[in-house]
Amino acid sequence: MSQIEIQATFAGKDAAQEASLKLHALRATDVSGLLDNGTVTATVDEAVAERALYLIQQIGGNANTTIM
Numbered sequence: 413m414s415q416i417e418i419q420a421t422f423a424g425k426d427a428a429q430e431a432s433l434k435l436h437a438l439r440a441t442d443v444s445g446l447l448d449n450g451t452v453t454a455t456v457d458e459a460v461a462e463r464a465l466y467l468i469q470q471i472g473g474n475a476n477t478t479i480m
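Dropping the structure here:
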């Protein structure tokens with residue numbers, strides 16, 4: 413199964429932190445970023461990529477993806 417890297421940006425620290433926690437709950441790996449700047453990067457399995465992108469959108473973020 414492919415891995416998808418997601419790079420997301422948010423309006424603020426709280427939204428980025430919420431996304432980071434929820435991405436961990438989806439078993440994302442390599443969750444990192446500059447939360448103070450509203451950015452999060454995570455790697456997820458292809459099977460949960462749509463859910464990850466949906467949660468980012470629901471929190472108010474914008475995302476770019478890269479298939480690894």
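Per the working numbering: the sequence shown = residues 413 to 480. Cβ atoms here follow ideal geometry from the backbone N, Cα and C, with glycine treated the same way.
Residue i - DSSP class collapsed to helix/strand/coil
i	result
Ser444	strand
Ala454	strand
Ala427	helix
Own chain partners of residue i with C-beta closer than 8 Å, once the 5 adjacent residues on each side are dropped
i	result
Thr453	Glu417, Ile418, Gln419, Ala420, Asp442, Val443, Ser444, Gly445
Own chain residues within Cβ distance below 6 Å of residue i, not counting five before or after
i	result
Glu430	Ile471
Cβ distance (whole Å) where residue i is taken to contact residue j below 8 Å
i	j	result
Gln415	Thr451	In fact, because the Cβ distance is near 19 Å, the residues do not count as touching under 8 Å.
Contact set for residue i: own chain, Cβ-Cβ below 7 Å, skip 5 residues either direction
i	result
Leu447	Lys425, Ala428, Gln429, Ser432
Residue interval of the alpha helix (DSSP H) (run including residue i)
i	result
Ala459	Careful: Ala459 lies outside any alpha helix (DSSP H) and carries neither H nor E.
Residue i, enclosing beta strand (DSSP E) - first and last residue
i	result
Asn476	474–479
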